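Right, one structure below, let's go through it.
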Amino acid sequence: MSSSAACSSASILNSSARIQVPISNFSFYFQSSLDYNPNSRFKKYKNWAFSRNFRDRYHPRKCLHQEDKSSQLLSPQEKTPNVVEISSDDKNVGIGSSPSTSFLSFLCPLLKLFSGGDPSKERNYFLEEAMSSLSTLARFPWGSRSLIEDSQTINSVDPPIRLQLFEFEACPFCRRVREAITELDLSVEIYPCPKGSVRHREVVRRLGGKEQFPFLIDPNSEIQLYESSDIVKYLFQKYGKGRSPSTGLLESTIVTGWMPTLLRAGRGMTLWEKSRKEAPIKMLELFSYENNPYARIVREALCELELPYILQNVAKGSKRAPLLVEISGSKEVPYLVDHNTGQQIGDYKRIIPYLFETYSAVNM
565 MSSSAACSSA
575 SILNSSARIQ
585 VPISNFSFYF
595 QSSLDYNPNS
605 RFKKYKNWAF
615 SRNFRDRYHP
625 RKCLHQEDKS
635 SQLLSPQEKT
645 PNVVEISSDD
655 KNVGIGSSPS
665 TSFLSFLCPL
675 LKLFSGGDPS
685 KERNYFLEEA
695 MSSLSTLARF
705 PWGSRSLIED
715 SQTINSVDPP
725 IRLQLFEFEA
735 CPFCRRVREA
745 ITELDLSVEI
755 YPCPKGSVRH
765 REVVRRLGGK
775 EQFPFLIDPN
785 SEIQLYESSD
795 IVKYLFQKYG
805 KGRSPSTGLL
815 ESTIVTGWMP
825 TLLRAGRGMT
835 LWEKSRKEAP
845 IKMLELFSYE
855 NNPYARIVRE
865 ALCELELPYI
875 LQNVAKGSKR
885 APLLVEISGS
895 KEVPYLVDHN
905 TGQQIGDYKR
915 IIPYLFETYS
925 AVNM
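Just so you know, we're using our numbering here: the sequence shown kicks off at 565 and counts up by one.
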């Protein structure tokens, strides 16, 4: 499941490898990322107790079953099973993702009225590009470049097992996390959770106990997290070698994070009613970066179809750029690889109709 600068197109397209990753005194076997099975892929991890001190907050103590009986009186937060919810004493942590749930429940139907109707129908691509480009300007420079280009402190190698992010494209707090992932140049698994989801929202409810997004699973450290600001801080602490997020990334979400949601009229928010109920056998693969206006349109479609995919970030300065050139012959994004059909497509105007035609329930 790992991905690095040295990997080749052959390794990317390989779907049969099994990886054994030691964790503590035991091992998990994970099927290759390309093989998708929502019923067996996600695991509930053990409870972890965390220090309230920011410096130690990401370092797990003993599992609960290993605690002696004198330590059984846990706080309500520590009693919450399977999910790490980090309480923040600092006022500058930023606003988390909780407020998005109630606000988006009101905004969702309103935006759907102006969303241009059926996403599978013929589109006005001039308008699509104009609105998506304005969205890019609203969020620039966040999500546009990798920090490893000008830093020797950022980890340049992906973790052994890809992180798993449950989110939906239109959510500004999910966007905050995707921008951080772009800056850290990480390859992650995306599990879209549009309103009306038939698969992935249930996984989040089962593992975390509630429908709140974004929701991150890090199989490498057995950590599961809600709250976008906490997720971003965790990612930089764990995979950015302690470096802080780029200036304004956390704070700007409240100011301009909603602009793409509004400008795109709620695209990437609701499940398309004619999408297939069954997930594809293998995960799709998308070369993209968060603030690219054309890639945004493709991610919206993947979300509306609830198609899980491997997100290969290739922002400016990414270590993955040579891999994209090797596979596609160009550095242009988006570039889609569908391991179920063998199709590889580089033009977003071709990707959109391909996705809706291939993964429509009508065409099964």
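Cβ atoms here follow ideal geometry from the backbone N, Cα and C, with glycine treated the same way. Remember, it's a predicted structure, so these values are computed and weren't measured experimentally.
With a minimum length of 4 residues, the unbroken runs of alpha helix (DSSP H) contained wholly in the region 786–818 fall at 792–803.
Fully contained in the region 707–779 are the following alpha helix (DSSP H) runs of length 4 or more, in chain order: 736–747 and 764–772. Apart from sequence neighbours up to five positions away, the residues of its chain that approach Phe-800 with a beta-carbon distance below 8 Å are Ala-744, Leu-748, Gly-806, Arg-807, Ser-808 and Pro-809, ordered along the chain. Between Lys-841 and Pro-898, the alpha-carbon positions lie close to 25 Å from each other. Excluding five sequence positions before and after Arg-860, the CB atoms of its chain that fall closer than 6 Å to its own CB belong to Ser-696, given in chain order. Tyr-853 carries a coil assignment under DSSP once its states are collapsed to helix, strand and coil. Annotation for Tyr-873: the continuous beta strand (DSSP E) segment containing it runs 873–877. Counting of Cβ neighbours within 10 angstroms places Lys-880 among the exposed residues, the total staying below 16. Below 8 Å, enough C-beta pairs join the region 755–766 and the region 865–875 to call them touching: three or more.
Going by C-alpha positions, Ala-734 is about 31 Å away from Glu-890. Ranked by how close their Cα comes to the Cα of Arg-726, the residues Ala-885, Ile-915, Leu-887 and Leu-875 have Leu-875 in first place. In terms of Cβ geometry, Arg-703 and Pro-778 do not form a close pair [threshold 9 Å]. If you look at Val-889, you'll find it isn't in any beta strand (DSSP E); it sits in the alpha helix (DSSP H) that goes 885–892. DSSP places Ile-781 in the strand class (E or B) of the three-state scheme.
Here Gly-906 is not near Ser-892, since their CB atoms are 9 Å or more apart. Using a Cβ distance threshold of 9 Å, Val-762 and Leu-848 do not count as a contacting pair. Residue nearest to Asp-722 within the set Tyr-873, Asn-784 and Glu-692 is Asn-784 (criterion: CA-CA distance). For the set Leu-850, Glu-854 and Lys-895, the Cα lying nearest the Cα of Ile-916 is the one of Leu-850. By the criterion of a C-beta distance shorter than 7 Å, Arg-765 is surrounded in its chain by Cys-757 and Glu-775, once the five residues flanking it on both sides are discounted. Taking the Cα positions, Arg-770 is about 39 Å away from Lys-895.
Of the other Cβ atoms in all chains shown, 16 or more fall within 10 Å of the Cβ of Lys-797; this residue is therefore buried. Here Arg-709 has Ala-879, Lys-880 and Gly-881 as same chain residues with Cβ atoms under 6 Å from its own Cβ, once five neighbours each way along the sequence are excluded. Put simply, the backbone Cα of Leu-813 is about 22 Å away from that of Lys-883.
DSSP, read as helix, strand or coil, puts Lys-880 in strand.
Selection Arg-687, Tyr-918, Leu-691 and Ile-795 evaluated against Gln-728 yields Ile-795 as nearest (Cα-Cα).
Minimum Cα-Cα distance from Leu-919 among the listed residues Pro-886, Tyr-873 and Leu-780 corresponds to Tyr-873. By the neighbour-count criterion, in which 16 or more other beta carbons inside 10 Å mark a residue as buried, Thr-811 falls on the exposed side. Of all alpha-carbon atoms in Gly-681, Ser-792 and Trp-836, the one lying nearest the alpha-carbon of Ser-816 is that of Ser-792.
For Phe-732, the CB contacts under 8 Å within the same chain, skipping 5 residues up- and downstream, are Cys-738, Pro-756, Cys-757, Pro-758, Lys-759, Phe-777, Gly-832, Met-833 and Cys-867 in chain order. Here Ser-684 carries a coil assignment [DSSP, helix/strand/coil]. If you ignore the 5 residues before and after Gly-821, its C-beta comes within less than 8 Å of the C-beta of Arg-703, Pro-736, Phe-737, Arg-739 and Arg-740, all in its own chain and listed in chain order. When the alpha-carbon of Asn-688 is set against those of Val-752, Asn-877, Ser-852 and Lys-913, the nearest one is in Lys-913.
Less than 9 Å separates the beta-carbon of Pro-844 from that of Asn-904. Bounds of the beta strand (DSSP E) holding Ile-909 are 907–909. In the structure shown, the three-state DSSP call for Lys-841 is coil.
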